[in-house]
Every structure is written in C-alpha cells, then in structure tokens.
Amino acid sequence: MSYLYKTPRLLKWYYPDLIWDYTSEEKCIYLTFDDGPTKEHTNWILEQLEDYNAKATFFCVGNNVESCRDEFDNIIKKGHTVGNHTFNHLNGRNHSLLSYIRDIRKCGDVFKSKLFRPPHGRLSKKQSMVLTKDFQIIMWDVLSGDFDTNLSGEDCYNAVVNNVVNGSIVVFHDSIKAAPRLKVALPKILKELSDRGYTFKAIS
Ligand SMILES: [Zn+2]
Numbered sequence: 010m011s012y013l014y015k016t017p018r019l020l021k022w023y024y025p026d027l028i029w030d031y032t033s034e035e036k037c038i039y040l041t042f043d044d045g046p047t048k049e050h051t052n053w054i055l056e057q058l059e060d061y062n063a064k065a066t067f068f069c070v071g072n073n074v075e076s077c078r079d080e081f082d083n084i085i086k087k088g089h090t091v092g093n094h095t096f097n098h099l100n101g102r103n104h105s106l107l108s109y110i111r112d113i114r115k116c117g118d119v120f121k122s123k124l125f126r127p128p129h130g131r132l133s134k135k136q137s138m139v140l141t142k143d144f145q146i147i148m149w150d151v152l153s154g155d156f157d158t159n160l161s162g163e164d165c166y167n168a169v170v171n172n173v174v175n176g177s178i179v180v181f182h183d184s185i186k187a188a189p190r191l192k193v194a195l196p197k198i199l200k201e202l203s204d205r206g207y208t209f210k211a212i213s
C-alpha cells in the first residue's frame, strides 16, 4: 500500500502551518468529504449524517458546484460547512504558483470559504506559505482509503474506527469512484463512533 491511514508525525512537523487535527478534550470527530458535490451521492451522504445529527465539512470542486447547485445548496441548508478544493481539482505539484492560485480564486468566485484543502494532499512549501495568508489549510490525520478500488468498504470502516482519536479530521470522498466503499463504511462508522460517545462537528 502506498499510503498510510494515519498521517505521520514527521509530515505534521514539516508543515506546522497546516491543520492536521484538533487537539480536544472533547469526544468529537471532524468528518470531511472531498471532490463533490455530485448528483449521485451528495444527498445520500447528507441523509446519513442527519440520522446521527452529525455535521461535516465538504471540500468542493468549483466546477462540480456549478453543475450541482441544488446539492451544494443542500449541504449549506443542512448546517454543514464548505471549503475550497480548487476549480479543476488541480494537483499543486504539477502547476506553477500562479496558475494554482488562479484556479483557487476561480473556485472562490463560485462560492466563498476561508477553508482550503489541496487536491491529492499535494502542496509545495511555497504554495502553502502563500495560501495560509488567505485560508486555513485543512489536512487530516485519518484517511478512510475510500478512493482505493483495492480496498473493501469493511477495510475503510476499520481504517477509520481503529485510528480516530478526539479531534481527528477524517477524509472521505463524495465521488462516483469512492461510492461503493463509502456506502458500506459511512453508515457503520457513524453508528460505531456514536456508540462510543463521539459527536461529529463541522470545521468553521
Ligand atoms: Zn480531491
């Protein structure tokens, strides 16, 4: 496997200006959903969250918001928060600072947010220094792996429930690719963590 479910401490140390988790005494978890909205899955995710009175944060791609306005409005209406995830889902490593920033601004023209998450988690030190002036850059400490077609929904469930601690930020995907695993894992994760006494909060 080419990635870890749990973010290594060294990476957190190298990028101290980015937010990897929230130290908390409270039993609360920050669920995040990247890459949406989608006509196919956003509303389903919202229903699952509602069943547990859970709030979450959706890192939306500007281009998808333009084509799924109703789903985007539902996210806001249900009391969740949204973050900028670029307009075209750009990988920061493959783009100059200028074209990367331009794409983030284009997403900002579609909807406003002070939160940003880099697609693929890829961000140069220079890009991060510029972006922290305008955004809180939200990373994660637990990866569900729902994008990985070699995993099962059960694997994703285990990755999350075995790795979260108070204040963890967990990544899922609101995408067609991740859906087969998300549909299995998310309801079970919400149930298990609720049973353990966790609440779910949006990043604001
Ligand atoms: Zn993404």
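For any residue, its number in our numbering is found by taking its place in the sequence shown, counting from 1, and adding 9. For every residue, glycine included, the Cβ atom is placed at its ideal position computed from N, Cα and C.
Closest to residue i by C-alpha separation, out of the options, would be which residue?
{"i": "residue 27", "options": "143, 161, 49, 109", "result": "143"}
{"i": "residue 49", "options": "19, 208, 191", "result": "191"}
{"i": "residue 125", "options": "149, 154, 21", "result": "149"}
{"i": "residue 202", "options": "40, 34, 135, 20", "result": "40"}
{"i": "residue 131", "options": "52, 101, 19, 74", "result": "101"}
{"i": "residue 184", "options": "115, 74, 104", "result": "74"}
{"i": "residue 135", "options": "19, 18, 23", "result": "23"}
{"i": "residue 44", "options": "105, 72, 108, 197", "result": "72"}
{"i": "residue 139", "options": "154, 69, 107", "result": "107"}
{"i": "residue 51", "options": "187, 207, 199", "result": "187"}
{"i": "residue 103", "options": "153, 115, 128", "result": "128"}
{"i": "residue 209", "options": "33, 18, 19", "result": "33"}
{"i": "residue 200", "options": "57, 20, 30, 153", "result": "57"}
{"i": "residue 63", "options": "25, 19, 37", "result": "37"}
I'd like the list of long-range same chain contacts for residue i, defined as Cβ closer than 8 Å, with 5 residues on each side in sequence excluded.
{"i": "residue 151", "result": "14, 15, 16, 168, 169, 172, 173, 177, 178, 179, 180"}
{"i": "residue 66", "result": "39, 40, 41, 42, 89, 90, 91, 92, 124, 147, 211, 212"}
{"i": "residue 55", "result": "83, 84, 87, 89"}
Span of the alpha helix (DSSP H) holding residue i?
{"i": "residue 93", "result": "Taken as a continuous stretch (DSSP letters only), residue 93 belongs to no alpha helix (DSSP H), being part of the beta strand (DSSP E) at 90 to 93."}
{"i": "residue 119", "result": "106 to 119"}
{"i": "residue 162", "result": "162 to 172"}
{"i": "residue 52", "result": "51 to 60"}
{"i": "residue 79", "result": "78 to 86"}
{"i": "residue 148", "result": "Per DSSP, residue 148 belongs to no alpha helix (DSSP H) and is neither H nor E."}
Kindly indicate the opening and closing residues of the beta strand (DSSP E) around residue i.
{"i": "residue 40", "result": "37 to 43"}
{"i": "residue 69", "result": "65 to 69"}
{"i": "residue 193", "result": "It is not in any beta strand (DSSP E) - residue 193 instead sits in the alpha helix (DSSP H) that spans 188 to 204."}
{"i": "residue 181", "result": "178 to 182"}
What would DSSP say about residue i, mapped onto helix, strand or coil?
{"i": "residue 11", "result": "Per-residue confidence for residue 11 stands at a pLDDT of 43, beneath the threshold of 50, marking its modelled position as unreliable; the derived number appears in the next sentence. Coil at residue 11, not helix or strand."}
{"i": "residue 30", "result": "strand"}
{"i": "residue 156", "result": "coil"}
{"i": "residue 99", "result": "coil"}
{"i": "residue 132", "result": "coil"}
Sorted by chain position, which residues of the same chain lie with C-beta nearer than 6 Å to residue i's C-beta, five sequence neighbours on each side aside?
{"i": "residue 162", "result": "190, 193, 194"}
Identify, in the order they occur along the chain, each residue of the same chain with its Cβ nearer than 7 Å to the Cβ of residue i, setting aside the five sequence neighbours on each side.
{"i": "residue 112", "result": "95, 96, 97, 99"}
{"i": "residue 197", "result": "166"}
{"i": "residue 206", "result": "36"}
{"i": "residue 10", "result": "Annotation note: pLDDT 41 at residue 10 (below 50); position unreliable, coordinate value reported separately. Nothing meets the Cβ criterion."}
Thinking residue i and residue j are a contact (beta carbons under 8 Å), I'd like their distance in whole angstroms, please.
{"i": "residue 175", "j": "residue 35", "result": "6 Å"}
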